Structure formats: structure tokens, C-alpha cells
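In my numbering, the protein residues as written are 214 to 661.
Written out as C-alpha cells, the structure reads:
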């Protein structure tokens, strides 16, 4: 089967690739590895609104209970709620059943450790070795030692109460359009925002098991854009299926993505002396406009490879408090250990309220540079060799020198296709389009 765990747990088409048998084995192996040599063990389980969630939860729960571990079932909740509640309930681990922004036929299983962080590669490998039969566990307690299911109906309330404490203003007088994506946040977001006094226009909050992410949510923000303009709202917020990321919309219907959110919240935290080490962690895919904005405002920026787990690793290692991705995965490490869309919404809207400024004005601190992406078709076995090709590297160096800090070149081999992706940012879109096409052509010639 190859590796089971990807960068965000185990994912696949439910009941075909991610089967009940696999879910049972993951539950059994995961619970054994994460609780061995401990007593009175328990694991938190939450899920999104997919129709396959009940099926996979039952199998996962059976596997966990089979090694004598209790399950705290918190039902449909955002992924970051599982991360937080694992810590609050002093559980040994947490598990989320979700495939995030993917279509409904997919699902996934993701583990958190007792501190609410994603598992290390070593722990995932240990679980995987058991699931794939390379190692075995001979541990099947009987009688009163078998694990049991405990329903925690207060899970959502415990989570929303916690993140509400992260701000010191209410939202009275602010009108918000909320797109729940028919996903895990459909109950939590309206509940919390109403408690804070906001006037709400809520859409896509009626999940039926099959409509999660269907032309809605953070990957389809046009509905929120239009509705903000129609209703005269102050801000729009749009979540993905498991609500670990957020895309916002200003009062004019313009997108405010993760780069803008980091800039706005980072500057606000700096003013309050709460931006740890005066640094924001982003990925190489963040727009160069973010770099320029932060430099102008005397804030440092650190870049990682693409993926929120790499952002989080850098934040943990170096003690930074704010980081994220352009896609809207934003981590406020003072409050939660993973990307949290609802927490991000609260942080952003609290800046609007406390500053008494419109979101468009707050976002104007940053200007995005035009970005062009061209795919170079290459021999699949050679797609990483651009790193060793002197002619390609000299051309890249020449372009970087030409931009003098007002543009950049990013080359990335595709993980699954025979392609090398050429991304160029700069002030003049026509110019960078020509430059990207020329560089892609050179790469094709050198790596064919």
C-alpha cells in the first residue's frame, strides 16, 4: 500500500480506499501506540459532516476500545476543537475524521498527541508498521478492561467559550456574512458570533451529509463576496469543511486571504507587544507583497516549505506566536496548536472593532504583486534536476538580480505529475508572464 500517512493524516475515498477495516486498524494501532504503559487512558474523537463519518467513527471507536482505551465522542466539531479539547479533557490523544476541503466522497483520519499537536513522523511510522502488518500487537483486554464510549455533548460549548476568551471586545454593531461550507463549523460559528453580539447573515449551515464543500466555503468565496455587497455587511467569513482555515471578504466584496490576515493581525499584535520575537512565519507561496509590507512595518518574516505542519514546526522550534498560509490556515500559537478558522475570524474581527476601521482600510497596508504560474513539462525522472543545472540556475539568478527585491522566482517540481512549476512575481504582469514562459521553455529544453 505504501505510506498511509500523508502531510495531514490518512485520506482516501471512504469505503473504497479508507475502509472500515483500515479505520479499525488505525484506531487499534493508534490507541495502542499513543497510550501504551499508561493507565486510565482516553482519546477524543470528533468529525465533520460527511455521510461517511458515522461509519468510520464506529470502526475507529471499536479499534480504540479493543485495546482498553475509552473514547470521548464530541460529535461534529471543527478540527481545532479536537486539538483544544484533547488538552482540556487531559486525553492521551485526539482523532479527527475529516477530509477538510475535499469532495464528500473522501474522508480522512488525523491524530493529535496529548498536547494537541500533529504526530511526529516517528510515531506515524510506528502506527503504520502495525497497520500494515510489519509489527503486531498482542493486547486484547477483556471484561471491565475493555474501553467504552463516553458522549461529551458539551464539547462545542467548551471550545467556543475558550476561544471567546482570546479577545477583549464584543461584536455589537458589526454585520457579518458567514459561510459555514455545510461543514463542521455550522453550529459553532453562528453560536459564538451571536453570543458576541454580531448581526449575522448565515449561509450553507444545513449539512445533509452530502453537501459539504459543494460550491460553498473557503474554496468558493464568490457567494460571500456577493452577499456582503447585497446586505451591506462589514465583513464576510468563509470556512472550509473542517474549519481549520478561513478566507475573509471586506465590505467591498474583495478577498482578504491568509497573507492579508497575517499582516493585519501581526501589526495589531505588535502594537500590543504580543507578537513573539517580532516575527511572522509564512510559506514560500506567500505573496512577496507580504514580505514588503512587514519590512515596511519593521516586522520580521520567516519562510518554510508549503504546508501548515512545517509552519507549526518552525513556530514551536523558535518560539514564534503567529504563522500561516495564504490559503487561510492561520496559527495563533498562544491559543491553539493548529490552524483554527473560527479563532482567526475572532482575531480579525476584533481588530476591525477595536481599531474602528473598515477591513478594506486595514488590508490596504499590503499590496499583492502580480503572480504568474507556468508549468514546464519535463521527464518525470528529471524534474528535480533543475537544482543541479548550471544554466537554469544562472538564469534564475539573473532574474532575481533584475528584480532587486521587488520580484522573485520560485521553482517547484510537482509531487505527482511530470511537471516543474515556474512561479514569478513582480510589478509588471505582462513582463513577468514573458519571463516565466521563457524560463519554463528553458527548463523543458534542459530536462526533456
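The beta carbon of each residue, even a glycine, is placed where N, CA and C say it ideally should be.
Just so it is clear, the structure is predicted and the values come from calculations on it, not from any experiment.
Practice prompt. Provide the residue(s) that pair with residue 258 in DSSP beta bridges, ordered along the chain.
Written response: Within the chain shown, residue 258 is the residue found at index 45, counting from 1. Answer is 286 and 308, bridged to residue 258.
Worksheet item: What do you reckon, is the C-beta of residue 322 under 7 Å from a heavy atom of the ligand PLP?
Response: For the structure depicted, the ligand PLP is absent and the ligand set is empty, with no information on it obtainable.
Worksheet item: At a cut of 8 Å, does the region 274-284 reach the region 317-333 through at least three beta carbon pairs?
Response: no
Fill in: Minimum length 3: unbroken beta strand (DSSP E) runs contained in the region 547-592
584-590
Fill in: Own chain partners of residue 246 with C-beta closer than 6 Å, once the 5 adjacent residues on each side are dropped
In the chain shown, the residue the question calls residue 246 occupies position 33. Around residue 246: 339 and 340.
Worksheet item: Does DSSP put residue 326 in a helix, in a strand, or in coil?
Response: Mapped onto the chain shown, residue 326 falls at position 113. DSSP places residue 326 in strand when its eight states are reduced to three.
Fill in: Of the listed residues 218, 652 and 594, nearest to residue 631 (C-alpha basis)
As a working note, residue 631 is residue 418 in the chain shown. Minimum Cα distance to residue 631 is reached at 594.
Item to complete: Could you have a look at residue 420 and say whether DSSP puts it in helix, strand or coil?
Response: In the chain shown, counting from the first residue as 1, residue 420 sits at position 207. Note: residue 420 maps to coil in three-state DSSP.
Discussion item. For the structure I just gave you, are there three or more beta carbon pairs, one from the region 373-383 and one from the region 357-365, closer than 8 Å?
Written reply: no
Worksheet item: Under the rule that 16 or more other beta-carbon atoms within 10 Å means buried, what is residue 224, buried or exposed?
Response: Sequence index remark: in the chain shown, residue 224 carries index 11 (1-based). Looking at its Cβ environment, which holds 16 or more other Cβ atoms inside 10 Å, residue 224 is buried.
Fill in: Burial state of residue 249 (16 or more Cβ within 10 Å)
Translated into positions along the chain shown, residue 249 becomes position 36. Residue 249 is exposed by the Cβ-count criterion.
Worksheet entry | 6 Å CB neighbourhood of residue 214 in its chain, flanking five on each side removed | Within the chain shown, the letter at position 1 stands for residue 214. At residue 214 the pLDDT is 40, less than 50, meaning the model places this residue with poor confidence; the figure from the coordinates comes in the next sentence. Taken in chain order, the list of residues that qualify is empty.
Worksheet item: Excluding sequence positions up to five away, which residues of its chain have a Cβ less than 7 Å from the Cβ of residue 561?
Response: Residue numbering aside, residue 561 sits at position 348 when the chain shown is read from its first letter. Take residue 561, set aside five residues on each side of it, and the residues of its chain with a beta-carbon closer than 7 Å to its own are 461, 474, 477 and 478, in chain order.
Item to complete: Can you tell me which of the three DSSP states residue 414 falls into?
Response: Reading the chain shown from its first residue, position 201 is the one you call residue 414. Correct three-state label for residue 414: strand.
Practice prompt. Taking residue 257 and residue 299 to be in contact with their CB atoms under 8 Å, please state how far apart those CB atoms are, rounded to whole angstroms.
Written response: Taking the first residue of the chain shown as position 1, residue 257 is located at position 44. Taking the first residue of the chain shown as position 1, residue 299 is located at position 86. At roughly 5 Å, the Cβ-Cβ gap stays under 8 Å, so residue 257 and residue 299 are in contact.
Fill in: Residue(s) in a DSSP beta bridge with residue 158
No answer is possible for residue 158: the residues shown for the chain start at 214 and end at 661.
Fill in: Local conformation of residue 460 per DSSP, three classes
Sequence index remark: in the chain shown, residue 460 carries index 247 (1-based). Strand.
Practice prompt. Starting from the C-beta of residue 657, find all residues in its chain whose C-beta is less than 8 Å away, skip the five residues before and the five after it, and write them out in chain order.
Written response: Counting from 1 along the chain shown, the entry for residue 657 is found at position 444. Residues 589, 590 and 591 of the same chain have their beta carbon placed closer than 8 Å to that of residue 657, with the five preceding and five following residues left out of the count.
Worksheet item: My guess is that residue 451 and residue 471 are in contact by the Cβ rule of under 8 Å, so how many angstroms apart are they, rounded?
Response: As a working note, residue 451 is residue 238 in the chain shown. As a working note, residue 471 is residue 258 in the chain shown. In fact, because the Cβ distance is near 12 Å, the residues do not count as touching under 8 Å.
Worksheet item: Who are the near neighbours of residue 327 in its chain, counting only those whose CB is closer than 7 Å to its CB and skipping five residues on each side?
Response: Position 114 of the chain shown, counting from 1, holds the residue named residue 327. Around residue 327: 299, 304, 305 and 306.
Item to complete: With 8 Å as the threshold, decide whether the Cβ of residue 637 is near any Cβ in chain E.
Response: In the structure shown, chain E cannot be found, because there is only a single protein chain.
Fill in: Same chain, Cβ closer than 6 Å to residue 651, neighbours up to 5 away in sequence not counted
Along the chain shown, one-based indexing puts residue 651 at 438. Around residue 651: no qualifying Cβ.
Worksheet item: What are the start and end residues of the alpha helix (DSSP H) that includes residue 502?
Response: Counting from one through the chain shown, the residue named residue 502 turns up at place 289. Start and end: 501-509.
Worksheet item: How close, in whole Å, do the beta carbons of residue 402 and residue 572 come, if the pair is a contact with beta carbons under 8 Å?
Response: Taking the chain shown and counting its residues from 1, the one referred to as residue 402 is at position 189. Taking the chain shown and counting its residues from 1, the one referred to as residue 572 is at position 359. At roughly 18 Å, the Cβ-Cβ gap does not stay under 8 Å, so residue 402 and residue 572 are not in contact.
Worksheet item: From the DSSP output, which residues share a beta bridge with residue 320?
Response: Position 107 of the chain shown, counting from 1, holds the residue named residue 320. Partner(s): 225.
Item to complete: Tell me whether residue 655 sits in a helix, a strand or coil according to DSSP, three-state version.
Response: Translated into positions along the chain shown, residue 655 becomes position 442. Three-state result, residue 655: helix.
Worksheet item: Can you tell me where the alpha helix (DSSP H) with residue 280 in it begins and where it stops?
Response: Residue numbering aside, residue 280 sits at position 67 when the chain shown is read from its first letter. Here residue 280 belongs to no alpha helix (DSSP H), and DSSP marks it neither H nor E.
Fill in: Bridge partners - residue 495, DSSP secondary structure assignment
Along the chain shown, one-based indexing puts residue 495 at 282. DSSP lists 516 as partners of residue 495.
Worksheet entry | DSSP three-state assignment for residue 451, whether helix, strand or coil | Walking along the chain shown from the start, residue 451 turns up at place 238. Residue 451 falls in the strand class under three-state DSSP.
Worksheet item: Taking buried to mean at least 16 other C-beta atoms within 10 Å of its own C-beta, is residue 485 buried or exposed?
Response: The count along the chain shown starts at 1 and reaches residue 485 at position 272. It counts as exposed.
Fill in: For residue 369, the three-state DSSP class (helix, strand or coil)
Residue mapping note: residue 369 aligns to position 156 of the chain shown, counting from 1. Helix.
Worksheet item: Ordered along the chain, which non-local residues of its own chain (more than five positions away) have a Cβ less than 6 Å from that of residue 621?
Response: As a first step, residue 621 must be located in the chain shown, where it is residue number 408. Counting only Cβ-Cβ distances below 6 Å, and skipping sequence neighbours, we find 501 and 638.
Item to complete: Compute the distance between the beta-carbons of residue 447 and residue 387, then report whether it is under 8 Å.
Response: Here residue 447 refers to the residue found at position 234 when the chain shown is read from its first residue. Here residue 387 refers to the residue found at position 174 when the chain shown is read from its first residue. Taking 8 Å as the Cβ cut-off, residue 447 and residue 387 qualify as a contacting pair.
Item to complete: Could you check what DSSP says for residue 660 in three-state terms: helix, strand or coil?
Response: Here residue 660 is taken as the residue at index 447 of the chain shown, counted from 1. The answer is coil: DSSP assigns residue 660 none of H, G, I, E or B.
Worksheet item: By the 10 Å Cβ neighbour count, where 16 or more other Cβ atoms means buried, how is residue 648 classified, buried or exposed?
Response: What you label residue 648 is simply residue 435 of the chain shown in a count that begins at 1. The residue in question, residue 648, is buried, as its Cβ has 16 or more Cβ neighbours within 10 Å.
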